[in-house]
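Residue numbers (full-length UniProt numbering): 1 to 1119.
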């Protein structure tokens, strides 16, 4: 509503005559005059009418529409009342009250807040001069309460946040609305941004529930600083976190608790400010007293300037600590840690005094040796004389005190033989008097410990022991091979070295580019793991040789990982561009690229045309832009003259096939436009020959250039072989060659064919239909009939169905077309294609997902056929191509189908731990027919199930074999199944059919599952309402069942029927056994004929009251 409309409504509340909403100011004046004239003739209003009128004028207290006043009756009274009101003095106490009534009783304009528009709405006459003086004073006071701006200057984050939160000018980054003191907020402790609590909750939940990526999202990010978090904010806390749901107050910062912050900063002190937003200001307290590293001075700084990462500081005074050499003092400034080693150079002498060296002071071990001081060991022998002055120390240079020691050969020191086994007094009669006298030896073994750790095996001898000759088993250097060597040759302590094997190390070096290649590498991996401390061995010793970034020089450093260092070469010549107007002054570092020259290129166009495109100067390795001039040229093959060819295209192609006759004289070149010969030197035609062989099939060999087709290899063309009755069919290779006429296409009929033939004759005699064993019953489409649902759908969609029928006929007639992809269509249309394609012997398959699901036609079922009676004709004639009533009853399940053939027993869920030997031992006593034992073969199908195939003589007919299998099932079921779980050896015993390959094609267990599924489907179907259209029932089903009308169609007869193996010698049977078996069969057959069910005689009927699974299935079928 506009301001003008507000004014009109206010005037209508005070007047008796309602004015239009869109009236002009001039019309309003006329209405006022009329009102004054009417008031002169009215009577004085009563007290109740005055109250009503006063309430209607106060629009901010009453939202109802103003009521019209009653018409005046007495004009005199009204005139007197108006005079009294004019003479009434003003009440000084009512100056502050807002009066919206004018002198003439009209409603004054008022200021009121329009909440929908969030702004002040002012009446048109609000600026009239009749407004009272108190209202002006209030407006002035409101204008004075505007917040003062923040003083200019650099302010910290906390100051800005406090100012904006107090004045409600801070905006939430998520909803872009202001944050008011009454709102619940959440503040980020990283960027200090403030958000509404509801906004940040919604932000966090949406971030954690994001499904745009496959990765698991466990964190959300702050909108201000993108800092990751896992916890979702839930509570409204103050800035310091001490108080939950802080109460707003106008005396301190909004959303704060007005308590001390006490947050710990980077120093040990706490924040002394009251609860505030943003980071805490720098600490102004004093830090701890610190001592310098040398301990001579101390200092104390403010907490802000104190470095808490170290315990001391440097005072810049000389350290003057005594160094490790014990002679000099540290000359560095006060420093952290121990003093560095002494750097003074001095001349040191070895322990034996024969060598000297110049080295750093304090290195080596200082030892006082007589007249000199020794510091290190040299390579010479000591040779210091003992007291006897006859012998000297033969050890290496060492701190020796031989001159103060007695001779090791002194008679008082040497009291035994060198090995220490016998005293000298027992070996010689005369006593040794001097150290030069010989030391006698004994006949014992030396047994002194050698450097390798073994004992010396020589006889007692004087002097050093010879090298150890013990054979030891030692690993090579890479520990991959073990060798047998003498101990002294391989022991490093004895001066030997480990043996080396011939294994070459193939591990990459540390550079990652080269292999080690060292024979018997000590750093080779052991059991796939690296040896510790051998990384230095695989340091690469080759030169890197990589091209540097300059593009000219190569890296001369040792081979390494990562990027090479920049090139350090430089040139001292000027580097200029081609035109010479852009120059770099020397020296120029190698690899420096010349800046782009802004001047145009001055190179001439090589083709001679005028340059249409001006371009800047460029390096010599960059070509000029190609010439775009249009010319006329011949293509590469020379057949076509191409016009408007760009000049830069020197060899255009027309895109046509070459079609030149090849040297073979039969085939043509299939390459596109090209120049030169079609076949390269020594190249022959590689196309397929295609000539007809003697077997009338095309030759698949390569072109043999006029020679007759070689028929040395058999023809691999696939042909169809079948038996006379057509039940047993398969595709086999032709195999025709020059030595053979090919494979036989006529197969022999097996027992399955005989059984099918018998069932057909029985069905013909009883006027019923019998399906092939091992497969479900054939549908009416497989038999070539059209049912009512197919006819009704054709009549409802006649134009589309006629088009599809024409498409199927055209596809069936085309011998070269093998597949046809139809357009996407709905499910009911796809089902029609699936069903009608069966009549043409065309395989169909539905692909893709809805709504682009379509059907593909394939010729994989053999030769296609066109129905003699098309559906377009049968749809108009109901009696044309209709199935017989008996066949319809058989298809609909009204006639019961006979049993499937069986030849084996299937044992389910065998007892745990039962082995094949234990199973065969149990079956030997059960696989009997009378007194005869029936041989068998047992095979485990999986961990829990097994199959038992009885081996019955071929002299027994197929019907008798089946009766024997049913009888054996009764026996095994009574023996293996039991109510007691501890005695149970199998949960189920079912009859099944095993084909020639050993595959189980049918079992009672599968039939039980299928019957339960069909029963559930029939129950669901019976509960559904009847469709008005018979074909509309197809809309309740998916087209998956019709997708398999091709090779995988379950309604097609099984071609790989089981053939029994011909036994070389029939099983021995006596006359008694034949008689007993025939008696049992007669009993079984009599029971079967009496019950009209293929039911066996239950031998253990008294032991088990449980009915047979097959009986349950047949009863469900009869229902």
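For each residue, glycine too, the CB sits at the ideal point set by N, CA and C. For clarity, every value in this text was computed on a predicted model and none was experimentally measured.
For residue i, I'd like the list of residues in its chain whose CB is within less than 7 Å of its CB, leaving aside the five on either flank, ordered along the chain.
i: residue 936; result: 923, 927, 948, 949, 950 and 951
i: residue 269; result: 283, 285 and 303
i: residue 525; result: 507
i: residue 315; result: 292, 294, 296, 297 and 334
i: residue 483; result: 474, 476 and 499
i: residue 245; result: 236
i: residue 859; result: 818 and 842
i: residue 901; result: 755, 773, 962 and 993
i: residue 260; result: 272 and 274
i: residue 825; result: 854
Assuming residue i and residue j are in contact, meaning their beta carbons sit under 8 Å apart, how far apart are those beta carbons, in whole angstroms?
i: residue 494; j: residue 450; result: 7 Å
i: residue 584; j: residue 569; result: Their Cβ separation, rounded to whole angstroms, is 15 Å, which puts residue 584 and residue 569 out of contact at 8 Å.
i: residue 349; j: residue 372; result: 6 Å
i: residue 875; j: residue 791; result: 5 Å
i: residue 280; j: residue 257; result: Not quite, the Cβ-Cβ distance comes to about 15 Å (not below 8 Å), so this is no contact.
i: residue 469; j: residue 488; result: 7 Å
Short of 6 Å in beta carbon distance, which residues of its chain neighbour residue i, apart from the five on each side in sequence? Order them along the chain.
i: residue 287; result: 301, 303 and 306
i: residue 684; result: none
i: residue 184; result: 197 and 236
i: residue 855; result: 822, 830, 833, 844 and 846
i: residue 207; result: 220
i: residue 388; result: 407 and 435
Under a three-way DSSP split, which group does residue i fall into?
i: residue 238; result: coil
i: residue 975; result: helix
i: residue 602; result: coil
i: residue 160; result: helix
i: residue 416; result: strand
i: residue 185; result: strand
i: residue 1092; result: Reliability of the predicted coordinates at residue 1092 is poor, the pLDDT of 34 falling under 50, and the value obtained from them is presented with this limitation in mind. Coil at residue 1092, not helix or strand.
i: residue 558; result: strand
i: residue 229; result: strand
i: residue 940; result: strand
i: residue 508; result: strand
i: residue 1035; result: Residue placement at residue 1035 is poorly supported in this model, since its pLDDT is 37, which falls under 50; the coordinates still yield a value, given next. Three-state result, residue 1035: helix.
i: residue 266; result: coil
i: residue 967; result: helix
Could you pull the start and end residues of the alpha helix (DSSP H) that residue i belongs to?
i: residue 207; result: 197-208
i: residue 794; result: 788-796
i: residue 537; result: Premise fails: residue 537 is in no alpha helix (DSSP H) and is neither H nor E.
i: residue 920; result: 916-924
i: residue 344; result: Counting along the chain, residue 344 falls outside any alpha helix (DSSP H), and DSSP gives it neither H nor E.
i: residue 355; result: It is not in any alpha helix (DSSP H) - residue 355 carries neither H nor E in the DSSP assignment.
i: residue 873; result: 871-874
i: residue 427; result: 424-427
i: residue 489; result: 487-490
In terms of residue numbering, what span does the beta strand (DSSP E) encompassing residue i cover?
i: residue 1002; result: 1000-1003
i: residue 829; result: Not the beta strand (DSSP E): residue 829 falls in the alpha helix (DSSP H), residues 827-839.
i: residue 732; result: 729-733
i: residue 475; result: 471-475
With a CB to CB cut of under 8 Å and the five nearest residues on each side skipped, what residues in its chain are close to residue i?
i: residue 807; result: 820 and 822
i: residue 439; result: 409, 414, 417, 418, 424, 432 and 462
i: residue 175; result: 196 and 199
i: residue 173; result: 193, 195, 223 and 224
i: residue 369; result: 351, 353, 399, 400 and 401
State yes or no: is the beta carbon of residue i nearer than 7 Å to at least one beta carbon in chain D?
i: residue 689; result: This model lacks chain D altogether; it includes just one protein chain.
query: If you pair each beta-carbon of the region 703-714 with each one of the region 654-665, do three or more pairs fall below 8 Å?
result: Under the 8 Å Cβ criterion, the region 703-714 counts as touching the region 654-665, having at least three qualifying pairs.
- request: Please confirm if the region 542-562 is in contact with the region 515-530, defined as three or more CB-CB distances below 8 Å between the two stretches.
  value: Counting Cβ pairs under 8 Å, fewer than three are found: no touch.
message: Three or more C-beta pairs under 8 Å: does that hold for the region 712-723 against the region 740-756?
response: With a cut-off of 8 Å, the region 740-756 and the region 712-723 count as touching, because enough Cβ pairs lie within range.
- prompt: Is there contact between the region 383-398 and the region 349-361, where contact requires at least three CB pairs shorter than 8 Å?
  reply: Yes: the two stretches touch, three or more of their Cβ pairs being nearer than 8 Å.
message: Can you confirm whether the region 863-881 touches the region 784-802 when touching is taken to mean that 3 or more C-beta pairs between the two stretches lie within less than 8 Å?
response: The region 784-802 makes contact with the region 863-881: 3 or more CB pairs, one atom from each, lie closer than 8 Å.
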